[in-house]
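Taking it in order: structure first as structure tokens, then the write-up.
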Amino acid sequence: MSLLLGQKNQLLWDLPARESFELNRAIYGIGPEEGRKTIDYLAGVLEVHSLLDKPVRELSLGERMKMELIAALLHRPKVLFLDEPTLGLDVVSQHRVRDFLRHLVSEEKITTILTSHYLQDIEALCRRVIIIDHGRVIHDGSWEGILQSFSDQKEIVLRFAGPPPELRGEEWGELVSRDAATVRLRVPPTRVTEISRRALDLPGLEDIRIETMPVEEVIRRVFTGAKKKEKD
């Protein structure tokens, strides 16, 4: 079992990460050859071989997180607890960490338990999702199950060459937003074709996109539904 906290370091700040790995290896009673192979393998997957001998304080936040992952996985745990593993990382580093965690689950068969406020982490990594509100479990099931239950509408995004026309009324569904050149409508899936065809006749239309509901809106509906049940 191992634990990784997004904003807590176990690496020694002024030493190269390799020195911290050697300390962990000794603590866990891992032989030098086995430890070297594991470090070599994980550094290869995370593409950080060239950084192993660089002082931790000189690494970027994304690079440090990769080193923290190696330290957490050095003893080959069967279960890995992750608390906000992408917190504070730039977009590129977030994607790389998520790709690595997917690799752990699919190739290394490590059970991963993740807590995160970043919904992209949940969407990208989790097959089973537990949503907790003030200590109370309000959903326990698959991510697909959440989408099926609470994402029952599509969004049509219309982009115009200039200011968009007023699109209100039943024939256009629900108006989500309207800015200088874009209108976003929310409609049942059965009405997507009908409304998209009608939109083609609008003056100045440049582009139409059909999107699923934003993840944030889906989760908001989960919490709203739970509170409604509580009141009932």
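Quick note, the working numbering runs 25 ahead of the 1-based positions in the sequence shown. We treat Cβ as the ideally placed atom computed from N, Cα and C, and that holds for glycine.
Query                                                                                                                                                                  : Result
According to DSSP, is E47 helix, strand or coil?                                                                                                                       : helix
Can you tell me where the alpha helix (DSSP H) with I95 in it begins and where it stops?                                                                               : L86 to L98
From the DSSP output, which residues share a beta bridge with K179?                                                                                                    : V212 and T237
Give me the DSSP bridge partner(s) of L30.                                                                                                                             : D108
Can you find the residues in the same chain that come closer than 8 angstroms, C-beta to C-beta, to L36, ignoring five residues on each side of it along the sequence? : A42, S45, V81, R89, M92, E93 and A96
Is it a yes or a no for the segment 175-188 touching the segment 205-219, going by three-plus beta-carbon pairs under 8 angstroms?                                     : yes
Less than 8 angstroms separating the beta-carbons of D108 and L30?                                                                                                     : yes
Relative to the C-alpha of V70, which candidate in V122, I147 and R50 has its C-alpha closest?                                                                         : V122
Check the C-beta distance from R152 over to S167 and give it rounded, since I have them as a contact under 8 angstroms.                                                : 6 angstroms
Using a 10 Å radius around the Cβ and a threshold of 16 neighbouring Cβ atoms, would you call L126 buried or exposed?                                                  : buried
Between H120 and V247, how many whole angstroms is the CB-CB distance? I'm expecting something under 8 angstroms.                                                      : Between V247 and H120 the Cβ distance is about 25 angstroms, and since that is not below 8 angstroms, they are no contact.
Is it right to say G160 is buried, meaning 16 or more other beta carbons lie within 10 angstroms of its own, or is it exposed?                                         : exposed
Between the C-alpha atoms of L150 and F106, what's the straight-line distance to the nearest angstrom?                                                                 : 13 angstroms
When DSSP labels each residue in this structure, what does E195 get in the three-state scheme?                                                                         : helix
Counting pairs of Cβ atoms below 8 angstroms between the segment 189-202 and the segment 210-220, do you hit three or more?                                            : yes
Ordered along the chain, which non-local residues of its own chain (more than five positions away) have a Cβ less than 7 angstroms from that of D115?                  : G87
Mapping DSSP to helix, strand and coil, what is D165?                                                                                                                  : strand
Quick one: grab the DSSP three-state call for I64.                                                                                                                     : helix
For R141, does the three-state DSSP call read helix, strand or coil?                                                                                                   : Reading off the sequence shown, one finds Ser at residue 141, where the question assumed Arg. Coil at S141, not helix or strand.
What are the boundary residues of the alpha helix (DSSP H) that includes V73?                                                                                          : No alpha helix (DSSP H) contains V73, which DSSP labels as neither H nor E.
Assign I157 to one of three DSSP states: helix, strand, or coil.                                                                                                       : strand
Please say whether K179 and T111 have beta carbons closer to each other than 8 angstroms?                                                                              : no
Just list the residues that DSSP pairs R203 with in beta bridges.                                                                                                      : V208
Buried or exposed: D124, going by 16 or more other Cβ atoms within 10 Å of its Cβ?                                                                                     : exposed
Per DSSP, which one or two residues make a beta bridge with F185?                                                                                                      : L230
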